[in-house]
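S.K.:
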Amino acid sequence: MLSVLALTSVVLLGIASQCTAISVYTNWEKHVQVGSDVRLSCSFFSWHWTSAEVTFSWSYRPDGAKESVSIFHYTNGAPYIATKGPFRDRLEFVGNPNRRDGSIMIRNVDYNDNGTFTCDAKNPPDIMGHPSNVRLLVFEKVPVQAGVITGAIIGVVLGLLILVVAIYYLMRFLVARRVFSLSMRHGKKGKGKEGSQQRQKPKVPLVFISF
Amino acid sequence: MLAILFATLVLHLTDLIILFVSTCANAWRIHGADSYDLWYRCAQSNGGYTCKGTGEEEWLQAVQALMVLATIFSLTSFIIFLCQLFTLVKGGRFFFTAVFQILASLFVMSGAIIYTVMSPKWESDSDSYGYAFVLAWLAFPLTLVSGLIYIVLRKKE
């Protein structure tokens with residue numbers, strides 16, 4: 001009994017220490033067309049209530065560079081954009097920290113903006129967690145994402161199939177109902193012969209070929 | 212009579228297995244030890260494989276969809292055959308089964324044709340078509356024959 005209690009308390013303590021890790025979520029990749037605006041979304045999950053001291057921090061590492069620069073920081077209820085960063089006049093904070101959303105919008109992207117953006121969110125006292133990366137890829141013409149056309153073709157064909165089968169059974173049901181109502185109106189009662197022959201269950205069903 | 216039933220079942224099962232292998236194996240085009248298409252591009256470098264996903268070309272996604280649909284339809288046709296075997300009236304034909312199997316053969320034919328026409332030109336002599344491509348072309352006449360057999364098959368007793 002005491003050992004069970006001790007085991008339960010150890011397990012609960014283990015879960016509780018895991019509970020204080022914050023999880024940050026962003027996209028994996030973002031594909032955009034050159035010249036357009038892109039919204040980089042970042043949200044987090046935390047076991048504590050969203051405090052007033054929540055902070056969001058975005059940094060950027062260009063493709064091929066080794067170091068990342070800080071481009072945005074939100075703290076004490078105010079957003080701060082790096083005044084000498086590569087996005088100083090193109091970055092806008094579009095998130096809602098009360099709803100755990102720390103997204104930023106970058107306007108008029110160019111090929112130089114290819115790189116990795118990192119979002120780090122902290123919700124005191126919950127400050128232990130890993131930042132999350134999103135890769136930005138800028139294209140002249142955005143190609144169709146892998147699997148979209150595949151899924152569309154499969155979905156349309158299977159949908160048509162289900163539709164055809166449903167219509168077939170509906171027609172059969174309507175025709176049978178109409179035949180039934182007609183026979184009721186004429187007072188005929190000899191319609192019971194149809195169903196008797198279809199309920200035989202042969203032991204081994206056999207087939208033969210005939211043209 | 213039992214032999215006909217057995218032979219039909221074996222043919223249909225063979226079709227199913229060929230379709231599954233052709234759809235799932237990643238060996239439509241081979242270049243030495245590298246394998247390309249339908250789902251990955253795997254190249255060998257420094258003793259290990261690096262695989263990238265394919266699929267941003269529209270024709271390749273269409274081939275993927277057609278192969279998956281052919282497999283699904285062939286599987287559905289098999290299940291319907293087993294159902295109809297026990298519920299058809301005497302002398303009835305297996306129309307539903309035949310329709311699905313022939314549709315499966317049409318999809319496999321379209322997929323194989325699109326791949327043959329649209330696959331990029333070979334760059335070197337060690338490029339060749341892989342076994343999955345051969346199986347796809349083999350699946351087309353086999354499923355067609357199987358579907359036609361179901362049209363002439365009748366239920367006895």
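Those sequence lines, one after another, are chains A and B.
Okay, so the first sequence: first residue is 1 according to the numbering used here, each after it adds one.
Okay, so the second sequence: first residue is 212 according to the numbering used here, each after it adds one.
Idealized CB from N, CA, C, for every residue including glycine.
Model, not experiment: these values are computed from the prediction.
(1) Of all the residues that make up the segment 305 to 319 of chain B, which are near chain A by a beta-carbon distance shorter than 7 angstroms?
(2) Check the DSSP bridge columns for residue 21 of chain A and list the partner residues they point to.
(3) Pick out whichever of B/212, B/225 and B/295 has its Cα sitting closest to the Cα of residue 357 of chain B.
(4) Taking CB distances under 8 angstroms as the criterion, tell me whether residue 329 of chain B reaches chain A.
(5) Considering only the beta carbon of each residue, do residue 319 of chain B and residue 230 of chain B sit closer than 8 angstroms?
(6) Taking the beta strand (DSSP E) that residue 206 of chain A falls in, what are its first and last residues?
(7) Run through chain B and tell me which residues come within less than 8 angstroms of residue 150 of chain A, C-beta to C-beta.
(8) Which partner residues does residue 107 of chain A have in the DSSP bridge list?
(9) Starting from the Cα of residue 330 of chain B, find the closest Cα among B/348, B/271, B/216 and B/260 and give me that residue.
(10) Alpha carbon to alpha carbon, how far is residue 60 of chain A from residue 69 of chain A? Give it in angstroms, no decimals.
(11) Assuming residue 245 of chain B contacts residue 235 of chain B under a Cβ cut-off of 8 angstroms, what Cβ separation, rounded to an integer in Å, is found between them?
(12) For residue 277 of chain B, is the classification buried or exposed, using 16 other Cβ atoms within 10 angstroms of its Cβ as the cut-off for buried?
(13) Contact between the segment 158 to 165 of chain A and the segment 47 to 54 of chain A: three or more CB pairs below 8 angstroms?
(14) How about residue 123 of chain A and residue 50 of chain A: do their beta carbons lie closer than 8 angstroms?
(15) Assign residue 270 of chain B to one of three DSSP states: helix, strand, or coil.
(16) Please identify, using Cβ separations under 8 angstroms, the residues of the segment 161 to 184 of chain A that lie next to chain B, in order along the chain.
(17) Taking 8 angstroms as the threshold (C-beta atoms), are residue 72 of chain A and residue 58 of chain A in contact?
(18) With a Cβ-Cβ cutoff of 8 angstroms, do residue 396 of chain B and residue 238 of chain B count as a contact?
(19) Please confirm if residue 291 of chain B has its CB atom under 8 angstroms from at least one CB of chain A.
(20) For a cutoff of 8 angstroms on Cβ pairs, would you count residue 137 of chain A as touching chain B?
(21) Does any residue of chain B have a CB that is nearer than 8 angstroms to the CB of residue 154 of chain A?
(22) Return the CA-CA distance between residue 334 of chain B and residue 241 of chain B, expressed in angstroms with no decimal places.
(23) Given residue 75 of chain A, which residues of its chain have a CB within under 7 angstroms of its CB, disregarding the five upstream and five downstream residues?
(24) Kindly list the residues whose CB is nearer than 7 angstroms to the CB of residue 307 of chain B, restricted to its own chain and excluding five residues on each side of it in sequence; keep chain order.
(25) If you count every other CB in all the chains shown that lies within 10 Å of the CB of residue 179 of chain A, and 16 or more means buried, which is it?
(26) If the criterion is Cβ atoms closer than 8 angstroms, does the pair residue 22 of chain A and residue 151 of chain A meet it?
(27) Label residue 261 of chain B either buried or exposed according to how many other C-beta atoms from any shown protein chain fall within 10 Å of its C-beta, with 16 as the threshold for buried.
(28) What does residue 212 of chain A touch in chain B if you count any residue whose Cβ is under 9 angstroms from its own?
(29) Taking residue 106 of chain A and residue 38 of chain A to be in contact with their CB atoms under 8 angstroms, please state how far apart those CB atoms are, rounded to whole angstroms.
M.R.: Answer, in terms of the structure:
(1) none
(2) Along the first sequence, one-based indexing puts residue 21 of chain A at 21. Note: residue 21 of chain A sits in a beta bridge opposite A/128.
(3) If you number the second sequence from 1, residue 357 of chain B lands on position 146. For the residues B/212, B/225 and B/295, the minimum Cα distance to residue 357 of chain B belongs to B/225.
(4) As a first step, residue 329 of chain B is located in the second sequence; it is residue number 118 there, counting from the start. Judged by the 8 angstroms Cβ criterion, residue 329 of chain B is not in contact with chain A.
(5) Mapped onto the second sequence, residue 319 of chain B falls at position 108. Mapped onto the second sequence, residue 230 of chain B falls at position 19. In contact: residue 319 of chain B and residue 230 of chain B (Cβ atoms closer than 8 angstroms).
(6) Against the first sequence, residue 206 of chain A aligns to sequence position 206. That run of the beta strand (DSSP E) goes 206 to 209.
(7) Numbered from its first residue, the first sequence carries residue 150 of chain A at position 150. Within chain B, the residues near residue 150 of chain A are 266, 272, 273, 275, 276 and 279.
(8) In the first sequence, residue 107 of chain A corresponds to position 107, counting from 1. For residue 107 of chain A, which the question treats as bridged, DSSP gives no partner whatsoever.
(9) Counted from its first residue, the second sequence places residue 330 of chain B at position 119. Checking every option, the nearest Cα to that of residue 330 of chain B belongs to B/271.
(10) Start at 1 with the first residue of the first sequence, and residue 69 of chain A comes out as number 69. Start at 1 with the first residue of the first sequence, and residue 60 of chain A comes out as number 60. Their backbone Cα atoms lie some 5 angstroms apart in a straight line.
(11) Here residue 245 of chain B corresponds to residue number 34 of the second sequence, with the count starting at 1. Here residue 235 of chain B corresponds to residue number 24 of the second sequence, with the count starting at 1. Rounded, the Cβ-Cβ distance is 18 angstroms, inconsistent with contact.
(12) The residue you call residue 277 of chain B lines up with position 66 of the second sequence. Result: buried.
(13) no
(14) Sequence index remark: in the first sequence, residue 123 of chain A carries index 123 (1-based). Sequence index remark: in the first sequence, residue 50 of chain A carries index 50 (1-based). Contact flag set, yes.
(15) Counting from one through the second sequence, the residue named residue 270 of chain B turns up at place 59. Helix at residue 270 of chain B.
(16) none
(17) Translated into the one-based positions of the first sequence, residue 58 of chain A becomes position 58. Translated into the one-based positions of the first sequence, residue 72 of chain A becomes position 72. Yes, the Cβ-Cβ distance between residue 58 of chain A and residue 72 of chain A is below 8 angstroms.
(18) Residue 396 of chain B lies beyond the residue range present for chain B, which begins at 212 and ends at 368; the question has no answer from this structure.
(19) Translated into positions along the second sequence, residue 291 of chain B becomes position 80. For residue 291 of chain B, the answer is no, since every Cβ of chain A falls outside 8 angstroms of its Cβ.
(20) Numbered from 1 along the first sequence, position 137 holds the residue referred to as residue 137 of chain A. Residue 137 of chain A does not count as touching chain B.
(21) Sequence index remark: in the first sequence, residue 154 of chain A carries index 154 (1-based). For residue 154 of chain A, the answer is yes, since a Cβ of chain B falls inside 8 angstroms of its Cβ.
(22) Locating residue 334 of chain B in the second sequence gives position 123, counting from the first residue. Locating residue 241 of chain B in the second sequence gives position 30, counting from the first residue. If you take the alpha carbons of residue 334 of chain B and residue 241 of chain B, they lie about 12 angstroms apart.
(23) The residue labelled residue 75 of chain A in the question sits at position 75 within the first sequence. Excluding positions up to five away in sequence, the list reads 55.
(24) Within the second sequence, the letter at position 96 stands for residue 307 of chain B. So the list reads 291 and 295, once near-sequence residues are dropped.
(25) On the first sequence, position 179 is the one that residue 179 of chain A refers to. Result: exposed.
(26) As a working note, residue 22 of chain A is residue 22 in the first sequence. As a working note, residue 151 of chain A is residue 151 in the first sequence. Against a cut-off of 8 angstroms, the Cβ pair of residue 151 of chain A and residue 22 of chain A comes out as no contact.
(27) Here residue 261 of chain B corresponds to residue number 50 of the second sequence, with the count starting at 1. By the neighbour-count rule (16 or more Cβ atoms within 10 Å), residue 261 of chain B is not buried but exposed.
(28) The requested residue 212 of chain A does not occur in the structure, where chain A is confined to residues 1 to 211.
(29) Within the first sequence, the letter at position 106 stands for residue 106 of chain A. Within the first sequence, the letter at position 38 stands for residue 38 of chain A. Their Cβ separation, rounded to whole angstroms, is 5 angstroms, which keeps residue 106 of chain A and residue 38 of chain A in contact under 8 angstroms.
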